Ligand SMILES: NC(=O)c1ccc[n+]([C@@H]2O[C@H](COP(=O)([O-])OP(=O)(O)OC[C@H]3O[C@@H](n4cnc5c(N)ncnc54)[C@H](O)[C@@H]3O)[C@@H](O)[C@H]2O)c1
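What follows is the structure in structure tokens.
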């Protein structure tokens, strides 16, 4: 491998590893700097540390051809033309976007770069982070550099495909720097959108995820309304769109994941720094964040209504934050909030979990107090309540009527994703409830 790499990527998580792989496949020499030694070792073996379509083959190929190498830290033996920061920006305990990992990455780059380097910030950040935090750290090195903000927008599960198909946003303060950053991504796609400033790119990223969060929140609001009137939200939403694409409301469901759980908060934090409060964004988060508690109240009231006296066995199926495109990622999963609410409401119940993608040993490591299952059949057998927590298609293949045959007598299914709401009620019986199709909002909820 050369002592000078075309590209250095700081942080080999979901974003960094997929980006490093496709940039290496495009012919660049790439070094990924990752502080976790276990991830460095896995990467150098050509093995991804998460589930992503196409990544195992692509990564092993670029590692074998010595286009991609991983290291635990920068050192004097190598330098890079371009640096891309892809470290995490989770919320801290007090709910604000963490910048410490961005600062460390910027300091490491500042020490390693040569005059004239290009530095691209790819992580999702509070507005102003590129100009007010990253740029001054780089400038303190006394070296000349260019800086651009090019946010990541891929969906987990489709990342490799989307890195080659989605328009890449490039935000820079002048045309020459924008062209330079665009050239990095033009090796992946001809679809580049140049925006007129760094802040435009930062806001664009936060706004697009917040828009999705707000749309999903509205769908969940429709579900609450329909539950209160005993009407199917699934029918209202799907019938309303037939031949009428002006009302393209998504289906209701749990809204979380590593991006949506935080990006609207980062947008609100950005707005507050300029004295503005974002009411719609705030209301959207409120609706989405209280849904687990609200729906578990319904599950509890249904358990009570059925008058169970024997041991209660509640199994939650679909723990990853989404099922489509499928992922094993548990970060920000609202199924975990549902699990917490179930445990709180039913401390004596036996609670079990299953996921179609996340391996059982990973679930057992993350949730040591719960029973774990590796097969759907085992996860529904003998259960008093089966909760379908994500939209993985496999959770929608066996009808509630068939599931019920394996469950405890008088058991029921609660479905966050309306997997079966298209079926006539005669097919569903009185043992299937879905968000917006169940009366699942308590009357005063
Ligand atoms: N996951 C997604 O699908 C997605 C999509 C769009 C945007 N984003 C944004 O991209 C950023 C990265 O997300 P992610 O999901 O890849 O995060 P992640 O936590 O999976 O990965 C970040 C990696 O950076 C490493 N790291 C942190 N500081 C480091 C340092 N100083 N030096 C070397 N390594 C360091 C961590 O060990 C970790 O492996 C976040 O800002 C996120 O909001 C993520």
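Numbering (the numbering used here), first residue to last: 57 to 501. No residue lacks a Cβ here, since even glycine has one placed at the ideal position from N, Cα and C. Remember, predicted model here, so these are calculated numbers, not experimental data.
Alpha-carbon to alpha-carbon, residue j and residue i
{"i": "residue 338", "j": "residue 403", "result": "32 Å"}
{"i": "residue 456", "j": "residue 309", "result": "18 Å"}
{"i": "residue 278", "j": "residue 288", "result": "10 Å"}
{"i": "residue 60", "j": "residue 437", "result": "58 Å"}
{"i": "residue 196", "j": "residue 471", "result": "54 Å"}
{"i": "residue 452", "j": "residue 219", "result": "29 Å"}
{"i": "residue 175", "j": "residue 162", "result": "9 Å"}
{"i": "residue 89", "j": "residue 68", "result": "7 Å"}
{"i": "residue 292", "j": "residue 373", "result": "26 Å"}
{"i": "residue 66", "j": "residue 264", "result": "24 Å"}
{"i": "residue 248", "j": "residue 222", "result": "9 Å"}
{"i": "residue 361", "j": "residue 303", "result": "37 Å"}
{"i": "residue 136", "j": "residue 322", "result": "31 Å"}
{"i": "residue 215", "j": "residue 476", "result": "29 Å"}
{"i": "residue 204", "j": "residue 158", "result": "14 Å"}
{"i": "residue 408", "j": "residue 425", "result": "9 Å"}
{"i": "residue 491", "j": "residue 445", "result": "11 Å"}
{"i": "residue 301", "j": "residue 307", "result": "14 Å"}
{"i": "residue 71", "j": "residue 405", "result": "38 Å"}
{"i": "residue 413", "j": "residue 386", "result": "11 Å"}
{"i": "residue 186", "j": "residue 250", "result": "17 Å"}
{"i": "residue 84", "j": "residue 103", "result": "19 Å"}
{"i": "residue 126", "j": "residue 297", "result": "48 Å"}
{"i": "residue 459", "j": "residue 434", "result": "11 Å"}
{"i": "residue 141", "j": "residue 177", "result": "5 Å"}
{"i": "residue 432", "j": "residue 229", "result": "53 Å"}
{"i": "residue 450", "j": "residue 440", "result": "21 Å"}
{"i": "residue 501", "j": "residue 400", "result": "Because the pLDDT of residue 501 is 39, which lies under 50, any placement of that residue in the model is unreliable, and the number read from its coordinates should be weighed accordingly. When rounded, the distance between both Cα atoms is 18 Å."}
{"i": "residue 499", "j": "residue 156", "result": "Unreliable positioning characterises residue 499 in this predicted model, as indicated by a pLDDT of 47, which lies under 50. A coordinate reading is not provided."}
{"i": "residue 164", "j": "residue 129", "result": "8 Å"}
Residues bridged to residue i (per DSSP)
{"i": "residue 254", "result": "Residue 254 is not bridged to any residue."}
{"i": "residue 369", "result": "406"}
{"i": "residue 267", "result": "None, per the DSSP bridge assignment."}
{"i": "residue 469", "result": "442, 488"}
{"i": "residue 153", "result": "147"}
{"i": "residue 86", "result": "63, 124"}
{"i": "residue 249", "result": "225"}
{"i": "residue 493", "result": "490"}
Limits of the alpha helix (DSSP H) - the one that residue i falls within
{"i": "residue 418", "result": "416 to 422"}
{"i": "residue 297", "result": "289 to 297"}
{"i": "residue 380", "result": "Unbroken run through residue 380: none, as it is neither H nor E."}
{"i": "residue 70", "result": "70 to 81"}
{"i": "residue 462", "result": "456 to 462"}
{"i": "residue 392", "result": "390 to 401"}
{"i": "residue 451", "result": "Per DSSP, residue 451 belongs to no alpha helix (DSSP H) and is neither H nor E."}
{"i": "residue 97", "result": "93 to 100"}
{"i": "residue 476", "result": "No alpha helix (DSSP H) holds residue 476; DSSP gives it neither H nor E."}
{"i": "residue 240", "result": "231 to 242"}
{"i": "residue 434", "result": "432 to 436"}
Contact check, residue i vs residue j, beta carbons under 8 Å
{"i": "residue 340", "j": "residue 270", "result": "yes"}
{"i": "residue 183", "j": "residue 356", "result": "no"}
{"i": "residue 124", "j": "residue 80", "result": "yes"}
{"i": "residue 347", "j": "residue 276", "result": "yes"}
{"i": "residue 462", "j": "residue 487", "result": "no"}
{"i": "residue 245", "j": "residue 224", "result": "yes"}
{"i": "residue 268", "j": "residue 211", "result": "no"}
{"i": "residue 179", "j": "residue 233", "result": "no"}
{"i": "residue 107", "j": "residue 383", "result": "yes"}
{"i": "residue 154", "j": "residue 145", "result": "yes"}
{"i": "residue 319", "j": "residue 262", "result": "yes"}
{"i": "residue 169", "j": "residue 201", "result": "yes"}
{"i": "residue 389", "j": "residue 397", "result": "no"}
{"i": "residue 77", "j": "residue 98", "result": "no"}
Continuous beta strand (DSSP E) stretch holding residue i: start and end
{"i": "residue 427", "result": "427 to 429"}
{"i": "residue 62", "result": "60 to 66"}
{"i": "residue 226", "result": "224 to 227"}
Near ligand 3: residue i beta-carbon under 7 Å from a heavy atom
{"i": "residue 157", "result": "This structure simply doesn't include ligand 3; it includes ligand 1 instead."}
Cutoff 8 Å: residue i Cβ touching any chain D Cβ
{"i": "residue 406", "result": "The structure shown contains no chain D; it is built from a single protein chain."}
Just to confirm the assignment: which complete beta strand (DSSP E) runs, minimum length 3, are found wholly within the stretch 122 to 147? 124 to 127, 135 to 141
Complete runs of the alpha helix (DSSP H) confined to the stretch 171 to 216 [at least 4 residues]: 191 to 195
Going residue by residue through the stretch 307 to 355, where are the continuous beta strand (DSSP E) segments of at least 3 residues, counting only ones entirely within it? none
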